[in-house]
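S.K.: First the structure, which I've put down as structure tokens, then a few questions once you've had a look.
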Amino acid sequence: MADEASKDSKPFDPMEPWRGMRDAYLDTWSKSMVEMVNTEAYAQAAGAMLDTYLTVSTPFREAVEKAMLKTLEQLAMPSRADIVSIAERMTHIEMRLDDLDAKLDEMHKVITKLGTRSVAASAPQAAKKAPRQTKKAGQSKRMKRGKK
Amino acid sequence: MAQATVMTDPYTQAADRLRTLTKVMTTKAAIAQTPKELVWAINKAKLYRYTPVVPAEKRHPVPLLLVFALMNRPYILDLRPGHSFVEYMVKQGYDLYLLDWGAPGPEDKNLKFDDYTLDYMPRAIRKMKAISGSEEFSLLGWCIGAILTSIYSALRPDDGLRSLILLTAPLDFSNKQGLTFARWVDERYFDIDKVLGAFGNMPGEMIDYGARALKPVENYISNYLKLWDNIDDPRVVEAWHAMNTWVTDNVPLAGGAFRQLIVDLYRNDRLMKGELVIRGQRVDLSRIRANLLTVIAEGDHITPSCQSEPIMSKVSSSDKELFRIAGGHIGIMAGSGASKYTWPHINGWLAPRSGRP
Chain A
114 MADEASKDSK PFDPMEPWRG MRDAYLDTWS KSMVEMVNTE AYAQAAGAML
164 DTYLTVSTPF REAVEKAMLK TLEQLAMPSR ADIVSIAERM THIEMRLDDL
214 DAKLDEMHKV ITKLGTRSVA ASAPQAAKKA PRQTKKAGQS KRMKRGKK
Chain B
397 MAQATVMTDP YTQAADRLRT LTKVMTTKAA IAQTPKELVW AINKAKLYRY
447 TPVVPAEKRH PVPLLLVFAL MNRPYILDLR PGHSFVEYMV KQGYDLYLLD
497 WGAPGPEDKN LKFDDYTLDY MPRAIRKMKA ISGSEEFSLL GWCIGAILTS
547 IYSALRPDDG LRSLILLTAP LDFSNKQGLT FARWVDERYF DIDKVLGAFG
597 NMPGEMIDYG ARALKPVENY ISNYLKLWDN IDDPRVVEAW HAMNTWVTDN
647 VPLAGGAFRQ LIVDLYRNDR LMKGELVIRG QRVDLSRIRA NLLTVIAEGD
697 HITPSCQSEP IMSKVSSSDK ELFRIAGGHI GIMAGSGASK YTWPHINGWL
747 APRSGRP
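Chains as they are written, first to last, in the numbering used here: chain A, 114 to 261; chain B, 397 to 753.
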């Protein structure tokens, strides 16, 4: 009994009440933050921040891109645009190949079906022909004996 | 018999806790462990077939294709052994396929919903049909994956789609007040041309920031406190580690698709209005005739229920069901209650619809 009671009861944790207070505070804070981010003012401020970042960074980015393009030209190396263009063409080729692969699969299926049908259709004829073949086989044996 | 309590000194305990914390914060958990085979690939998209564990005669003849969102890794569906939707469905006898969109590169910045739904999906489905030998199939779309599967189902209703499952599907964008994202991407505040001009594709980190900023205290503080509070419980730590691995593994969203998501859907709600045009074809949701199961997460802050409900009255399906479940956007499929509630319900609905006609 004493063992069971000691199993069920958790040891006293002095931090537990603090944790409860902390969670209650976080919960309240969370609700107010959710309300805050759902306002026009937040949307406007976030948009303005992003806009400022893009306005400031764009001239630097463009300058680096131009310098890189010139350097690559000087070195007779393909630019990013060239590689992108090749990658796009590769995707088109992949799609064409995939379509061809699917068509080949279809053709293979049709041929297999036709083959199965013709085998099935010729099976009874072959069965009819079978005794004659034995006769011929017998004849050839006789012929061979005659030759001897 | 009472077990002797192992006493550890506070310094050793603190060191152990710090070691565990460092490990889960700096390493990746072993995820996506269910055996699979790559059966098709174009560009970054890959189609996997999970190795069946049920004998062919006991398997459902109609295969199931899982289509996840474009901006996250699909292995959330196969998070860790013993806690994987994929593993569960394979054990239930499904011939299961997963379409992984991969991470778009600079060459993919012009990829749109048009390309995903009319170039990639039909080809992946064609391959799945060829492998399974079944002319009919089922689709499960989750989040943006549900947008893609809905568009596909409306544009190609005669392709053999028997059953469609939509999980937390953001399809209706008419309730602007209820959608925080809609407010953030309003054309007055968010210049999409400038963003895509700078980045080409929408960076995964920015998408991740957007998703986390919806509930900043939970995602940036409470989440880590929860880990610290349970740092001595290996089960909680393992689950947290796996989920953190997935959450921090971000994928950019192709620029063209992102533009459609913002302009056509968030700003103009063109899909529900029947005005969305995909490669010259208007997407008419009433052309969807497949059996339909829509799953709504009641605590979903990313896709509130008002976005998923209206499709029920738009489709022509005679067999349709709306299933509500407590939980969040990801929690309903990957949380601790998923294996008790969501997965069995999906299986219970799909199994009788996956037999021979």
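All C-beta atoms, glycine included, are put in the ideal place defined by N, C-alpha and C.
(1) Would you say residue 250 of chain A faces chain B, with C-beta separation under 7 Å as the test?
(2) For residue 602 of chain B and residue 432 of chain B, what's the separation of their Cα atoms in angstroms?
(3) Can you list, in chain order, the residues of its chain whose CB lies under 7 Å from that of residue 583 of chain B, leaving out five sequence neighbours each side?
(4) Could you check whether residue 443 of chain B and residue 449 of chain B sit closer than 7 Å to each other, using their CB atoms as the reference points?
(5) Can you say whether residue 119 of chain A is buried or exposed, counting buried as having 16 or more other CB atoms within 10 angstroms of its CB?
(6) Excluding the 5 residues flanking residue 621 of chain B on each side, which residues of the same chain have their C-beta closer than 6 Å to its C-beta?
(7) Between which two residues does the beta strand (DSSP E) containing residue 665 of chain B stretch?
(8) Within the same chain, show all residues whose beta-carbon is closer than 8 Å to that of residue 183 of chain A, passing over the 5 residues directly before and after it, in chain order.
(9) Could you confirm whether any beta carbon from chain B is found closer than 7 Å to the beta carbon of residue 304 of chain A?
(10) So, does the CB of residue 177 of chain A fall closer than 7 Å to a CB anywhere in chain B?
(11) Is there contact between the stretch 534-548 of chain B and the stretch 557-571 of chain B, where contact requires at least three CB pairs shorter than 8 Å?
(12) Quick one: measure Cβ to Cβ for residue 492 of chain B and residue 460 of chain B, integer angstroms, because I've assumed they're closer than 8 Å.
(13) Below 7 Å between beta carbons: does that hold for residue 574 of chain B and residue 702 of chain B?
(14) Is there a Cβ from chain B that is less than 7 Å from the Cβ of residue 160 of chain A?
(15) Identify, in the order they occur along the chain, each residue of the same chain with its Cβ nearer than 7 Å to the Cβ of residue 447 of chain B, setting aside the five sequence neighbours on each side.
(16) Just checking, does the stretch 724-737 of chain B make contact with the stretch 668-688 of chain B on the three C-beta pairs under 8 Å criterion?
(17) Taking the straight line between their C-alpha atoms, what separation do you get for residue 471 of chain B and residue 536 of chain B?
(18) Could you give the distance in angstroms between the alpha-carbon of residue 188 of chain A and the alpha-carbon of residue 195 of chain A?
(19) If I follow the unbroken alpha helix (DSSP H) through residue 601 of chain B, where does it start and stop?
(20) So what's residue 537 of chain B in DSSP terms, helix, strand or just coil?
(21) Output, in sequence order along the chain, the residues in the stretch 606-638 of chain B whose CB is closer than 8 Å to any CB in chain A.
(22) To the nearest angstrom, how far is it from the Cα of residue 746 of chain B to the Cα of residue 156 of chain A?
(23) Could you confirm whether any beta carbon from chain A is found closer than 7 Å to the beta carbon of residue 566 of chain B?
(24) Determine which residues share a DSSP beta bridge with residue 204 of chain A and list them.
(25) Using a threshold of 7 Å, state whether the C-beta atoms of residue 718 of chain B and residue 738 of chain B are closer than that.
(26) Applying the criterion that 16 or more other CB atoms from any shown protein chain within 10 Å of the CB defines a buried residue, is residue 439 of chain B buried or exposed?
(27) Where does the unbroken beta strand (DSSP E) through residue 687 of chain B begin, and where does it stop?
(28) According to DSSP, simplified to helix, strand and coil, what is residue 124 of chain A?
(29) Kindly list, in the order they appear in chain B, the residues whose Cβ is closer than 8 Å to that of residue 208 of chain A.
(30) How far does the alpha helix (DSSP H) with residue 153 of chain A in it extend, from its first residue to its last?
(31) Kindly list, in the order they appear in chain A, the residues whose Cβ is closer than 8 Å to that of residue 591 of chain B.
(32) Are three or more beta carbon pairs between the stretch 580-600 of chain B and the stretch 673-686 of chain B nearer than 8 Å?
(33) Note the first and the last residue of the continuous alpha helix (DSSP H) segment covering residue 590 of chain B.
(34) Taking only beta-carbon atoms, is residue 493 of chain B less than 7 Å away from chain A?
(35) May I ask you to list the residues that DSSP assigns as paired with residue 677 of chain B?
M.R.: A quick look at the data gives this:
(1) Within the first sequence, the letter at position 137 stands for residue 250 of chain A. Any reading at residue 250 of chain A must be qualified, since the residue scores a pLDDT of 45, below 50, and its modelled position is unreliable; no value is offered.
(2) To locate residue 602 of chain B, count along the second sequence from 1; it is residue 206. To locate residue 432 of chain B, count along the second sequence from 1; it is residue 36. So the alpha carbons of these two residues sit roughly 31 Å apart.
(3) To locate residue 583 of chain B, count along the second sequence from 1; it is residue 187. Same-chain partners within the cutoff: 663.
(4) On the second sequence, position 53 is the one that residue 449 of chain B refers to. On the second sequence, position 47 is the one that residue 443 of chain B refers to. The answer is no: Cβ separation not under 7 Å.
(5) Start at 1 with the first residue of the first sequence, and residue 119 of chain A comes out as number 6. Per-residue confidence for residue 119 of chain A stands at a pLDDT of 49, beneath the threshold of 50, marking its modelled position as unreliable; the derived number appears in the next sentence. Exposed, by the Cβ-count rule.
(6) Start at 1 with the first residue of the second sequence, and residue 621 of chain B comes out as number 225. Taken in chain order, the list of residues that qualify is empty.
(7) Position 269 of the second sequence, counting from 1, holds the residue named residue 665 of chain B. Segment: none, residue 665 of chain B is in no beta strand (DSSP E) and carries neither H nor E.
(8) Locating residue 183 of chain A in the first sequence gives position 70, where the first residue counts as 1. So the list is empty, once near-sequence residues are dropped.
(9) The question about residue 304 of chain A has no answer, for chain A in this structure spans 114 to 261.
(10) For the purposes of this step, residue 177 of chain A is identified with residue 64 of the first sequence, where counting begins at 1. So no, residue 177 of chain A is outside the interface.
(11) yes
(12) By one-based count along the second sequence, residue 492 of chain B stands at place 96. By one-based count along the second sequence, residue 460 of chain B stands at place 64. Yes, residue 492 of chain B and residue 460 of chain B are in contact; Cβ-Cβ is about 5 Å, under 8 Å.
(13) Indexing the second sequence from 1 puts residue 574 of chain B at position 178. Indexing the second sequence from 1 puts residue 702 of chain B at position 306. Yes, these two residues count as a Cβ contact at 7 Å.
(14) As a working note, residue 160 of chain A is residue 47 in the first sequence. Chain B contact via Cβ: present.
(15) Position 51 of the second sequence holds residue 447 of chain B. Cβ within range, chain order: 431, 432 and 433.
(16) no
(17) For the purposes of this step, residue 471 of chain B is identified with residue 75 of the second sequence, where counting begins at 1. For the purposes of this step, residue 536 of chain B is identified with residue 140 of the second sequence, where counting begins at 1. Those two C-alpha atoms are separated by around 14 Å.
(18) Within the first sequence, the letter at position 75 stands for residue 188 of chain A. Within the first sequence, the letter at position 82 stands for residue 195 of chain A. One C-alpha to the other measures close to 14 Å.
(19) The residue you call residue 601 of chain B lines up with position 205 of the second sequence. It spans 600-609 - the alpha helix (DSSP H) in which residue 601 of chain B sits, taken as one unbroken run.
(20) Along the second sequence, one-based indexing puts residue 537 of chain B at 141. It is a strand residue.
(21) 609, 610, 611, 612, 613, 614, 617, 618, 621 and 625
(22) The residue given as residue 746 of chain B occupies position 350 in the second sequence. The residue given as residue 156 of chain A occupies position 43 in the first sequence. Those two C-alpha atoms are separated by around 41 Å.
(23) As a working mapping, residue 566 of chain B is identified with position 170 in the second sequence. Residue 566 of chain B does not count as touching chain A.
(24) Locating residue 204 of chain A in the first sequence gives position 91, where the first residue counts as 1. DSSP output for residue 204 of chain A lists no bridge partner at all.
(25) Here residue 718 of chain B corresponds to residue number 322 of the second sequence, with the count starting at 1. Here residue 738 of chain B corresponds to residue number 342 of the second sequence, with the count starting at 1. In this structure, residue 738 of chain B does not lie closer than 7 Å to residue 718 of chain B by Cβ.
(26) Residue numbering aside, residue 439 of chain B sits at position 43 when the second sequence is read from its first letter. Residue 439 of chain B should be labelled buried.
(27) The residue labelled residue 687 of chain B in the question sits at position 291 within the second sequence. Element bounds for residue 687 of chain B: 687-693.
(28) Here the question's residue 124 of chain A lines up with position 11 in the first sequence. Coil, per DSSP.
(29) Counted from its first residue, the first sequence places residue 208 of chain A at position 95. Residues of chain B passing the Cβ test: 438, 515 and 519.
(30) Numbered from its first residue, the first sequence carries residue 153 of chain A at position 40. Looking at the DSSP string, the run of the alpha helix (DSSP H) that includes residue 153 of chain A is 153-187.
(31) Here the question's residue 591 of chain B lines up with position 195 in the second sequence. Those within 8 Å of residue 591 of chain B in chain A are 163 and 167.
(32) no
(33) Indexing the second sequence from 1 puts residue 590 of chain B at position 194. 588-595 is the extent of the alpha helix (DSSP H) around residue 590 of chain B.
(34) Residue mapping note: residue 493 of chain B aligns to position 97 of the second sequence, counting from 1. No, no contact with chain A.
(35) The residue you call residue 677 of chain B lines up with position 281 of the second sequence. In DSSP, residue 677 of chain B forms a bridge with B/674.
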